[in-house]
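Since the structure comes first, as C-alpha coordinates, the remarks are kept for the end.
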Amino acid sequence: MAFHLNRSGAARFLGQREADIMEILWDDSPLSGKDIHFRLRIKQKLALTTVLTLLTRLVEKGHVIRTRPSRVHLYSAALAKTDFLEQRVGEIIRALKKDYPVQFKKAEAKRKK
459 MAFHLNRSGA ARFLGQREAD IMEILWDDSP LSGKDIHFRL RIKQKLALTT
509 VLTLLTRLVE KGHVIRTRPS RVHLYSAALA KTDFLEQRVG EIIRALKKDY
559 PVQFKKAEAK RKK
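In terms of the numbering used here, the sequence shown has 550 at position 92, counting the first letter as 1, and numbering is strictly consecutive.
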(Lines of atoms letter the chains of each structure in order from A and count residues from 1; the text may use other names and numbers.)
(Lines give C-alpha, C1' and ligand atoms only; values in the text may rest on other atoms or scores of the structure.)
Protein backbone atom coordinates (compact mmCIF):
# COMPACT_ATOMS: atom_id res chain seq x y z
CA MET A 1 0.00 0.00 0.00
CA ALA A 2 1.29 3.41 -0.93
CA PHE A 3 0.89 6.48 1.26
CA HIS A 4 1.51 9.95 -0.14
CA LEU A 5 2.08 12.69 2.46
CA ASN A 6 1.87 15.45 -0.15
CA ARG A 7 -1.69 14.52 -1.20
CA SER A 8 -4.99 14.87 0.62
CA GLY A 9 -8.05 12.72 1.24
CA ALA A 10 -8.32 9.36 -0.49
CA ALA A 11 -5.52 10.43 -2.86
CA ARG A 12 -3.09 9.77 0.01
CA PHE A 13 -3.83 6.06 -0.49
CA LEU A 14 -4.69 5.93 -4.21
CA GLY A 15 -3.62 7.69 -7.36
CA GLN A 16 -5.34 11.05 -7.88
CA ARG A 17 -7.50 9.76 -10.75
CA GLU A 18 -8.51 6.65 -8.77
CA ALA A 19 -9.37 8.87 -5.80
CA ASP A 20 -11.50 11.11 -8.05
CA ILE A 21 -13.44 8.05 -9.23
CA MET A 22 -13.91 6.83 -5.66
CA GLU A 23 -15.23 10.24 -4.58
CA ILE A 24 -17.82 10.05 -7.36
CA LEU A 25 -18.86 6.53 -6.33
CA TRP A 26 -19.03 7.47 -2.64
CA ASP A 27 -21.34 10.36 -3.54
CA ASP A 28 -23.60 8.42 -5.90
CA SER A 29 -23.66 4.81 -7.03
CA PRO A 30 -24.14 2.49 -8.75
CA LEU A 31 -23.03 4.26 -11.91
CA SER A 32 -22.04 3.14 -15.39
CA GLY A 33 -18.56 3.78 -16.74
CA LYS A 34 -20.04 6.40 -19.08
CA ASP A 35 -21.71 8.20 -16.16
CA ILE A 36 -18.41 8.28 -14.25
CA HIS A 37 -16.57 9.45 -17.37
CA PHE A 38 -19.08 12.29 -17.84
CA ARG A 39 -18.67 13.44 -14.23
CA LEU A 40 -14.87 13.28 -14.42
CA ARG A 41 -14.82 15.33 -17.64
CA ILE A 42 -16.00 18.33 -15.64
CA LYS A 43 -12.61 18.34 -13.86
CA GLN A 44 -10.24 16.77 -16.38
CA LYS A 45 -10.08 15.50 -19.93
CA LEU A 46 -9.89 11.72 -19.87
CA ALA A 47 -10.82 9.23 -22.55
CA LEU A 48 -13.60 6.79 -21.73
CA THR A 49 -11.11 3.94 -22.19
CA THR A 50 -8.86 5.47 -19.52
CA VAL A 51 -11.77 5.68 -17.08
CA LEU A 52 -12.74 2.07 -17.80
CA THR A 53 -9.12 0.96 -17.24
CA LEU A 54 -9.02 2.81 -13.92
CA LEU A 55 -12.31 1.20 -12.91
CA THR A 56 -10.94 -2.24 -13.80
CA ARG A 57 -7.89 -1.58 -11.61
CA LEU A 58 -10.09 -0.45 -8.73
CA VAL A 59 -12.18 -3.63 -9.11
CA GLU A 60 -9.00 -5.75 -9.08
CA LYS A 61 -7.80 -3.96 -5.92
CA GLY A 62 -11.15 -4.68 -4.27
CA HIS A 63 -12.15 -1.03 -3.87
CA VAL A 64 -14.98 -1.15 -6.43
CA ILE A 65 -17.68 -3.72 -7.14
CA ARG A 66 -18.77 -4.25 -10.75
CA THR A 67 -22.20 -5.72 -11.47
CA ARG A 68 -24.05 -6.32 -14.71
CA PRO A 69 -27.79 -6.32 -14.04
CA SER A 70 -28.45 -5.59 -17.72
CA ARG A 71 -26.28 -4.94 -20.76
CA VAL A 72 -24.27 -2.24 -18.94
CA HIS A 73 -21.75 -2.72 -16.15
CA LEU A 74 -22.51 -0.73 -13.01
CA TYR A 75 -19.88 0.28 -10.49
CA SER A 76 -20.19 0.86 -6.73
CA ALA A 77 -17.72 1.49 -3.94
CA ALA A 78 -16.94 -1.73 -2.05
CA LEU A 79 -16.78 0.17 1.25
CA ALA A 80 -18.27 3.41 2.53
CA LYS A 81 -15.75 6.26 2.53
CA THR A 82 -15.35 6.26 6.32
CA ASP A 83 -14.79 2.49 6.36
CA PHE A 84 -12.23 2.72 3.54
CA LEU A 85 -10.29 5.48 5.32
CA GLU A 86 -10.43 3.72 8.70
CA GLN A 87 -9.10 0.54 7.09
CA ARG A 88 -6.21 2.37 5.41
CA VAL A 89 -5.29 4.31 8.57
CA GLY A 90 -5.32 1.06 10.55
CA GLU A 91 -2.96 -0.53 8.01
CA ILE A 92 -0.54 2.39 8.34
CA ILE A 93 -0.61 2.27 12.14
CA ARG A 94 0.02 -1.50 12.17
CA ALA A 95 2.89 -1.11 9.69
CA LEU A 96 4.51 1.68 11.73
CA LYS A 97 4.09 -0.29 14.94
CA LYS A 98 5.78 -3.29 13.31
CA ASP A 99 8.62 -1.33 11.69
CA TYR A 100 9.30 1.09 14.57
CA PRO A 101 8.22 -0.63 17.81
CA VAL A 102 10.45 1.43 20.14
CA GLN A 103 9.41 4.77 18.66
CA PHE A 104 5.78 3.68 18.62
CA LYS A 105 5.89 2.79 22.33
CA LYS A 106 7.52 6.15 23.15
CA ALA A 107 4.87 8.01 21.18
CA GLU A 108 2.11 6.04 22.91
CA ALA A 109 3.59 6.81 26.33
CA LYS A 110 3.77 10.55 25.52
CA ARG A 111 0.20 10.50 24.26
CA LYS A 112 -1.07 8.92 27.50
CA LYS A 113 0.55 11.59 29.72
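Positions of the beta carbon are idealized from the N, C-alpha and C atoms, including for glycine.
Source: prediction; values computed, not measured.
Taking C-beta atoms under 8 Å as the contact rule, isoleucine 482 and isoleucine 494 qualify, at a distance of about 6 Å. Per DSSP, reduced to three states, the secondary structure at alanine 460 is coil, with no helix or strand assignment. When only Cα atoms are considered, alanine 535 and alanine 553 end up about 25 Å apart. For alanine 535, the uninterrupted beta strand (DSSP E) segment begins and ends at 532-535. The Cβ atoms of leucine 510 and leucine 504 lie no closer than 8 Å to each other.
Note that the stretch 483-491 touches the stretch 519-531; at least 3 beta-carbon pairs, one per stretch, sit closer than 8 Å.
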